[in-house]
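In terms of the numbering used here, the sequence shown opens at residue 23 and continues consecutively.
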Amino acid sequence: MIHGDKKDSDVLRHYCQVLTDSIQTAGQSFTEANQIQHTYLDLLRRMRCSLLGVVVHLEHWPEIIELKLPISLAFRTALTDALTGLYLATFNDDAQAFQHELMVLDIEYFKYVKTIFENTALEMPGASEAEVAQEELTRWTALYQKAEHLLRVPGAPQLKSPEMLREPRHHYLFQVPNGHTRPLSEKDMFNQIKAHPATQHLARLYIVQRHLSQQHHYAPANRDFIQLPPAIDCRYWFEALVYIIEISGMLMALLDVSQPTRQELGEHQAALLDWLADRAE
Numbered sequence: 023m024i025h026g027d028k029k030d031s032d033v034l035r036h037y038c039q040v041l042t043d044s045i046q047t048a049g050q051s052f053t054e055a056n057q058i059q060h061t062y063l064d065l066l067r068r069m070r071c072s073l074l075g076v077v078v079h080l081e082h083w084p085e086i087i088e089l090k091l092p093i094s095l096a097f098r099t100a101l102t103d104a105l106t107g108l109y110l111a112t113f114n115d116d117a118q119a120f121q122h123e124l125m126v127l128d129i130e131y132f133k134y135v136k137t138i139f140e141n142t143a144l145e146m147p148g149a150s151e152a153e154v155a156q157e158e159l160t161r162w163t164a165l166y167q168k169a170e171h172l173l174r175v176p177g178a179p180q181l182k183s184p185e186m187l188r189e190p191r192h193h194y195l196f197q198v199p200n201g202h203t204r205p206l207s208e209k210d211m212f213n214q215i216k217a218h219p220a221t222q223h224l225a226r227l228y229i230v231q232r233h234l235s236q237q238h239h240y241a242p243a244n245r246d247f248i249q250l251p252p253a254i255d256c257r258y259w260f261e262a263l264v265y266i267i268e269i270s271g272m273l274m275a276l277l278d279v280s281q282p283t284r285q286e287l288g289e290h291q292a293a294l295l296d297w298l299a300d301r302a303e
């Protein structure tokens, strides 16, 4: 069984380090990349960053039991990037459809930026209305230029809907009815992954991600999550890592990373699964 003790922590830390090393090796083999490759490399790099945080915290866990919170949050972030990568991989065979999904992701980012710009005055205490207005104009102008392909009308603030960005000829790629009309929330990605024949066996990663998300969002009903025994937290961390390794390997295969690098990661993955099987007995 997983006990959430120092031994479990050391094993988890070891395999997190193994994956971060593999991702670094994979990334170093690229001197240039197309849009799809660049996206996968970005996501792998982000997962590596999160796991490096896990490695640092596990050096002091469970001695400092409160580190369960940042460890869970780091795993959650890595799982979210794995979820995104797995979703995008369902469009891997059509570069234009893949690009459209990236544009839908950009919509959410520009919504965030718009919120910042709409509250520029909060960043300029003591500034005159004219100064704030000038700064807002400068920011909006730059944003409109950068996001021109996402705007319904050039120079106007209204963004295109996801359905407008996706071409009808790509609708068949969506496994969920009317999926082409949906934004890209984590739940929408999960629904596509769960319905797609090539990815449905990995759909539970979203359930694990949602469990870890309870450490991110407070509600009176979930206050017990921070009190969970170390063994329960640790089991979810191991499960998260198994999914992250599997999806990292899939992305490396799509990137055509060298066989020795992928084979070594696969051997470590098999060793981890064997260890977990022994602990389950």
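Every residue gets a Cβ at the ideal spot worked out from N, C-alpha and C, and that includes glycine.
Closest by CA to residue i, which one among the options?
i	options	result
A39	R245, E81, T53	First, the amino acid is wrong: residue 39 is Gln here, not Ala. Q39 has its Cα closest to that of E81, out of R245, E81, T53.
H290	T99, L65, S270	S270
T203	Q281, E185, S94	E185
D103	L127, V33, D30, P84	L127
E208	F97, L101, D278, T47	L101
Q46	V279, K29, A262, V154	V279
D27	A253, A302, F260, F132	A253
D64	Q249, L74, G75, G49	G49
A302	H238, Q281, L273, F260	F260
E123	L195, W297, E153	L195
H23	H239, L295, G75, R257	Looking at the sequence provided, one finds Met at residue 23 rather than His. The residue with the shortest Cα to Cα distance from M23 is R257.
What does DSSP give as the partner residues of residue i in its beta bridges?
i	result
L181	L173
For residue i, which of helix, strand or coil comes out of DSSP?
i	result
I87	helix
L277	coil
H82	coil
S51	coil
A292	helix
I215	helix
L236	Note on residue identity: the sequence assigns Gln, not Leu, to residue 236. Looking at Q236 - three-state DSSP - the assignment turns out to be coil, as it is neither helix nor strand.
F260	helix
R204	coil
D32	helix
A253	helix
A302	helix
I24	coil
T221	coil
A100	helix
L197	The residue asked about is misnamed: residue 197 is Gln in this sequence, not Leu. DSSP places Q197 in coil when its eight states are reduced to three.
A243	helix
E286	helix
Exercise. Any chance the region 102–120 sits against the region 186–195, with 3 or more Cβ pairs inside 8 Å?
Worked result: yes
Exercise. Quick one: any contact between the region 50–60 and the region 84–95, if contact means 3 or more CB pairs under 8 Å?
Worked result: No, because fewer than three Cβ pairs between the region 50–60 and the region 84–95 fall closer than 8 Å, the two stretches do not touch.
Exercise. Between the region 60–73 and the region 263–280, are three or more C-beta pairs nearer than 8 Å?
Worked result: yes
Exercise. Do the region 99–114 and the region 209–229 touch if we need at least three Cβ pairs shorter than 8 Å?
Worked result: yes
Exercise. Does the pairing of the region 142–150 with the region 224–231 give three or more beta-carbon distances under 8 Å?
Worked result: no
For this session: Please go through the region 102–184 and give each complete alpha helix (DSSP H) segment of 4 or more residues, from N-terminal end onward.
Result: 117–140, 151–168
Exercise. If you pair each beta-carbon of the region 281–289 with each one of the region 38–53, do three or more pairs fall below 8 Å?
Worked result: yes
Problem set entry | At least 3 beta-carbon pairs within less than 8 Å: the region 217–226 vs the region 128–144 | no
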